[in-house]
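Residue 117 in my numbering sits at position 57 of the sequence shown, and the numbers go up by one each step.
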Amino acid sequence: MNESRAYGLMTIDPPITGIRPILTVVQPDGERLIVARLTNVGASSQSNRFVLRRVDLRPPWPQPEKGYFGYAEVARALDANGWRGCTVEVMSTADCDELRARTLAKRKLHQHCIAAAIRRAQEADGR
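Take a look at the structure:
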């Protein structure tokens, strides 16, 4: 059970109940992965908790022990598994607030992918 105590009050985080696809990562050869946010009871999203899935909803490779990735972990996993030079696309939605959140997630993931590529290049150069 996830509990947090703030100012003497105890709150319990709602359990994870599902996933909400928000982004697609596309390889130059057309292969795709789905980046999905975890959702709580009531379908509220966990802003920084993601899972990666193939289009058939199977994980593309072993997932983290904790069960989800953060932005930097998604970028490192993509890089480590050969997903370099890929494009990050926002999945469409009619909800304007959700579209803004997905666009922000795209920018954040893109920045982390660039950082992972730089880190890989520096390690290859022995820096």
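Beta carbons: idealized from backbone N, C-alpha and C, even for Gly.
Since this is a predicted model, take the numbers as computed values, not measurements.
According to the DSSP assignment, Leu159 belongs to the alpha helix (DSSP H) that extends over 156-184. DSSP, reduced to helix, strand and coil, places Arg118 outside both helices and strands of the structure shown, so it counts as coil. Beta bridge pairing from DSSP links Arg97 with Arg80, Phe110.
Looking only at Gln182, Thr163, Gly186, the smallest Cα-Cα distance to Val95 is reached by Thr163. Between Leu98 and Arg114, the C-beta gap is not smaller than 8 angstroms, which leaves the two residues out of contact. For Glu133, the enclosing alpha helix (DSSP H) covers residues 131-140. Secondary structure of Thr147 (DSSP, three-state): strand. With fewer than 16 other CB atoms across the displayed protein chains lying within 10 angstroms of its CB, Ala140 is exposed.
For the pair of segments examined, the segment 169-180 was found not to touch the segment 149-157: the number of CB pairs separated by less than 8 angstroms stays below three. Each residue's CA atom was taken as its position, placing Phe110 and Asp116 some 17 angstroms apart.
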